[in-house]
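Residue numbers (the working numbering): 3 to 265.
Idealized CB from N, CA, C, for every residue including glycine.
Just so we're clear, the structure is a prediction, and the values are computed from it rather than from any experiment.
Here's the structure we're looking at; comments come further down.
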Ligand code: MG
Ligand code: MG
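If you want it as structure tokens, here you go:
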């Protein structure tokens, strides 16, 4: 698959898609509190997308799957890393951390973004995990410039995280975003050994108009994850806390990228 370069007109639409997505995330951020269900957060995001004539990118994804994702957002609590299914029965508790991920489709283009936050007062360990994961995202974003390689970003995110005593998840990666939620290039949060690279990993030289989601997934313990019987929820194998932050960005001719999913 080739990397698709977006025109300025397409980038303008992607910025709109990203802004709408950011509004949905912001509305959930303001609603997070002990006692609220993850299904209620999902409804809040769905309302924002609807109000702005955007569609939910995750709902029914992937097409043709026997287990398409059944909601607008993924809501993942504590040792759940990503892809948690919103439910009336999942009630946030004081001290939890929750990752909320949302995708919006507007005028045919996708915005994809996520954040993790505490519910009420959280432990110092949880707070540090959130800070390091978010900082790893911005560290990677700052390196996403024309002329750089995606592998430069992958290595830098991995080093940033591991130097602080955490691990990066291997199984899920950042990805190109455009008319499709997942396109080239793949942007992992680590850079594999030459043996792995021989199995299809490739680094892409960035140029203006390339758009992708960068999304560090960081575990407080071991990097391994597994998928629950619901076919979606990804948890850490060792039960450790984990965090996830994501923005969709566009490479610019000079300087740092444009964050398409900013408010
Ligand atoms: Mg996402
Ligand atoms: Mg993504």
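Use the C-beta contact count for residue 131: other C-beta atoms within 10 angstroms, 16 or more gives buried, fewer gives exposed.
buried
If you run the structure through DSSP and keep just helix, strand and coil, what is residue 3?
coil
Check whether the Cβ of residue 103 sits closer than 7 angstroms to any heavy atom of ligand 1, and report yes or no.
yes
Is residue 248 near ligand 1 - that is, is its Cβ less than 7 angstroms away from at least one heavy atom of it?
The nearest non-hydrogen atom of ligand 1 is less than 7 angstroms from the C-beta of residue 248.
In whole angstroms, what is the alpha-carbon distance linking residue 27 and residue 177?
20 angstroms
Leaving out the 5 sequence neighbours to the left and right, which residues in its chain are closer than 6 angstroms to residue 157 when beta-carbon positions are compared?
193
Could you tell me the boundaries of the beta strand (DSSP E) in which residue 121 lies?
Careful: residue 121 lies outside any beta strand (DSSP E) and carries neither H nor E.
Tell me where the beta strand (DSSP E) around residue 188 begins and ends.
185–189
Kindly indicate which three-state DSSP category residue 177 falls into: helix, strand or coil?
Residue 177: strand per DSSP, three-state reduction.
Identify, in the order they occur along the chain, each residue of the same chain with its Cβ nearer than 7 angstroms to the Cβ of residue 88, setting aside the five sequence neighbours on each side.
Only 40, 41, 43, 44, 73, 75 and 77 meet the Cβ criterion.
Does DSSP put residue 52 in a helix, in a strand, or in coil?
helix
What does a CB cutoff of less than 6 angstroms around residue 13 pick up in its chain, not counting 5 residues either side in sequence?
252
Please state the DSSP three-state secondary structure of residue 83.
strand
Under 7 angstroms: does the beta carbon of residue 215 sit that close to some heavy atom of ligand 2?
yes
Under 7 angstroms: does the beta carbon of residue 126 sit that close to some heavy atom of ligand 1?
Flag unset: Cβ of residue 126 not near ligand 1.
Excluding the 5 residues preceding and the 5 following residue 230 in the sequence, name in chain order all residues of the same chain whose CB lies nearer than 7 angstroms to its CB.
237
In terms of residues, what are the limits of the alpha helix (DSSP H) holding residue 161?
152–164
Rounding to the nearest angstrom, what Cα-Cα distance links residue 146 and residue 258 in this structure?
7 angstroms
So is the beta-carbon of residue 44 under 7 angstroms away from any non-hydrogen atom of ligand 1?
Incorrect: residue 44 has no Cβ contact closer than 7 angstroms to ligand 1.
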